[in-house]
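In our numbering, the protein residues as written are 610 to 905.
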């Protein structure tokens with residue numbers, strides 16, 4: 610109960626921070642485009658600063674003590690919280706949103722465990738207790754490391770892993786789902802691409818091109834999106850759904866914004882997730898090999 614109350618207190622501030630991120634991104638990209646066009650350097654200028662605008666580690670949140678630190682490369686380790694699944698249960702490989710970390714999603718992890726799921730959530734490089742510097746390529750490396758840890762060290766079968774991303778986390782989730790065979794993919798409040806959220810997807814060096822990846826993903830897909838989302842509009846989820854392969858399901862949470870999907874959906878959220886996972890056939894193919902170094 611206290612976790613839920615704390616989450617309600619944090620939600621407005623987190624919404625405002627995420628809105629500022631995308632407003633800043635849009636303003637920054639426009640300014641860069643104008644300036645760079647004058648010097649013929651638009652591509653370089655856009656690519657050089659995008660990551661520093663996009664990624665907003667929250668900082669200052671209480672960090673959980675029960676984490677495992679995984680090395681992604683010499684000198685850089687990321688934090689993972691893991692709750693094993695019950696017998697014959699699934700494990701969610703959960704990628705959280707921007708402006709949050711493991712300490713801020715403990716309430717959500719607890720809810721999944723209470724509903725009978727295992728879960729492995731991690732902090733991106735530069736977030737929470739994880740070392741390194743956040744970037745698009747770093748998130749790919751991070752999620753691949755957690756996947757390998759689950760499959761090779763925790764001995765979780767790929768067909769028992771559900772790749773689940775929220776908001777920013779839908780980027781690394783789509784990247785991984787394009788490369789491996791898992792039980793299913795769940796995208797919550799997803800976006801077409803990072804620059805598309807700011808209305809600037811015509812610029813080069815876009816980040817997290819989910820719309821380019823979704824048609825290459827071959828596993829059951831569930832998209833969940835609030836129809837009152839003012840940070841990542843509902844239309845992003847609809848367009849991803851249209852481009853995706855079958856089997857697929859779209860769940861619109863009426864009246865939900867970006868950070869209150871669970872609150873608005875209530876029990877229907879859990880019923881929808883359970884029905885989807887029950888209907889998702891276990892993958893029969895082995896996990897696809899990942900490229901060396903965790904690079905796309």
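Positions of the beta carbon are idealized from the N, C-alpha and C atoms, including for glycine.
Here the structure is a predicted model, which is why all the values come from computation and not from measurement.
Item                                                                                                                : Value
Residues sharing a beta bridge with residue 843, DSSP                                                               : Partner(s): none; residue 843 has no beta bridge.
Cβ-based burial, residue 675 [other Cβ within 10 Å; buried from 16]                                                 : exposed
Burial state of residue 767 (16 or more Cβ within 10 Å)                                                             : buried
First and last residue of the uninterrupted beta strand (DSSP E) at residue 682                                     : 677-682
Residue nearest to residue 731 in terms of C-alpha spacing, selected from 756, 858, 842                             : 756
Simplified DSSP state of residue 760, which is helix, strand or coil                                                : helix
Close beta carbons around residue 741, own chain, < 7 Å, minus the five adjacent residues each side                 : 685, 734, 735, 747
Proximity to residue 882 [Cα-Cα], best of 679, 716, 827, 792                                                        : 792
Buried versus exposed call for residue 809 [16 or more other C-beta atoms within 10 Å across all chains shown]      : buried
Test item: CB-CB of residue 753 and residue 785 under 8 Å                                                           : yes
Integer-rounded CB distance, given that residue 817 should sit under 8 Å from residue 803                           : 5 Å
Backbone CA spacing between residue 885 and residue 832 [nearest angstrom]                                          : 11 Å
Nearest to residue 859 (by Cα), restricted to the options 778, 820, 693, 850                                        : 850
Option nearest residue 698 by Cα separation, candidates 722, 821, 665                                               : 722
Endpoints, alpha helix (DSSP H) assigned at residue 870                                                             : 870-874
Residue interval of the beta strand (DSSP E) (run including residue 862)                                            : 857-862
Sequence-distant residues of the same chain with beta carbon closer than 6 Å to residue 582, five excluded per side : Lying outside 610 to 905, the shown extent of the chain, residue 582 is not represented and no answer is given.
Reduced DSSP category for residue 731 - H, G, I as helix; E, B as strand; rest coil                                 : strand
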